[in-house]
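Residue numbers (the working numbering): 1373 to 1514.
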């Protein structure tokens, strides 16, 4: 059964990435999202392809695979796909559903518009990227 706009808004509001956004900002983002279900083992994004979407996991989990090696796992409330959408470069990893997974997707042009409209969202994305960069940097230093 499809998720309603109000349900999408509630799901986004419960996601740490969207913490601090006003209800009207969440509603505008929710209106632009597309709900997609993936079966276990389904490829959501492919390494090396130019990204056209940003994803928030609603339910289920995904594996992040780089050069054939699983480098991470993401679950509900977490996001992926932002790097390629932000810089227009090929995706650095493949994302595969580990189990049946539902995502809300935001097309690159809608993602960019949402960032322009909401400094709070832009700051949240920057913080998420910084945390990932810090994690990778710390792993390399140990």
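Backbone N, C-alpha and C define an ideal beta-carbon position, used for all residues, glycine too.
Mind checking who residue i pairs with in its DSSP beta bridge?
i            : result
residue 1444 : 1436
residue 1462 : 1422
Over what stretch of residues does the beta strand (DSSP E) that includes residue i continue unbroken?
i            : result
residue 1479 : 1473-1479
residue 1467 : 1466-1469
Could you please give the first and the last residue of the uninterrupted alpha helix (DSSP H) stretch that includes residue i?
i            : result
residue 1511 : 1491-1512
residue 1386 : It is not in any alpha helix (DSSP H) - residue 1386 carries neither H nor E in the DSSP assignment.
residue 1450 : Where residue 1450 is concerned, there is no enclosing alpha helix (DSSP H), given that its DSSP letter is neither H nor E.
Compare the Cα-Cα distances from residue i to each of the options and report the closest residue.
i            : options                   : result
residue 1375 : 1405, 1389, 1417 and 1400 : 1405
residue 1480 : 1422, 1493 and 1496       : 1422
residue 1415 : 1403, 1433 and 1489       : 1433
Skipping 5 residues on each side, what residues in its chain have a beta carbon closer than 6 Å to that of residue i?
i            : result
residue 1385 : 1398
residue 1451 : 1389 and 1428
### beta strand (DSSP E) segments (min. 3 residues) lying fully within the region 1390-1433
1406-1410, 1415-1417 and 1425-1431
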